[in-house]
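Reading through the structure tokens given below for one structure.
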Amino acid sequence: MDCIFCKIVEGTIPSKKVFESEHVVAFHDIQPAAPVHVLIIPKKHIASINEVEAADREVLGEVLLAAPQIARQLGVAESGYRLINNCGSDGGQVVYHIHMHLLGGEKLGGLNVKPV
Numbered sequence: 143m144d145c146i147f148c149k150i151v152e153g154t155i156p157s158k159k160v161f162e163s164e165h166v167v168a169f170h171d172i173q174p175a176a177p178v179h180v181l182i183i184p185k186k187h188i189a190s191i192n193e194v195e196a197a198d199r200e201v202l203g204e205v206l207l208a209a210p211q212i213a214r215q216l217g218v219a220e221s222g223y224r225l226i227n228n229c230g231s232d233g234g235q236v237v238y239h240i241h242m243h244l245l246g247g248e249k250l251g252g253l254n255v256k257p258v
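If you count by the working numbering, then the sequence shown holds residues 143 to 258, one letter each, in order.
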């Protein structure tokens, strides 16, 4: 498989890891959009939210449970942080390996979501 995140999990591409467990790894984004910008990924390759199956429930739960632990470790839990998952090209997904962006370290702007 030619997935950059799978290569990071394998260790063939280096990263600045901030967290690792049996099923999850988190590392600093190489193009940070905030002072704190970490990617949290499952070690299992899942292309996007659209490919999630019931069997992925536990590993995706671990991704979410890792977020506040990482936020505390990086000093942004109290001030606040944002978790983002992009799905598909129109949603801004660039790497097709499911991941959460953890952003913090400054006052984050609004999302400009149009009201329904």
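Virtual Cβ for every residue (Gly too), placed ideally from N, Cα, C.
Query	Result
Where Glu248 sits in the DSSP three-state scheme	coil
Residues that Tyr223 bridges to, as DSSP identifies them	Gly246
Inter-stretch contact (C-beta, 8 Å, three-pair minimum) for the region 232-251 and the region 177-190	yes
Every unbroken alpha helix (DSSP H) inside the region 177-239 [4 residues or more]	199-215
Residue span of the alpha helix (DSSP H) that contains Lys158, given as start and end	Lys158 -> no alpha helix (DSSP H), and no H or E assigned at all.
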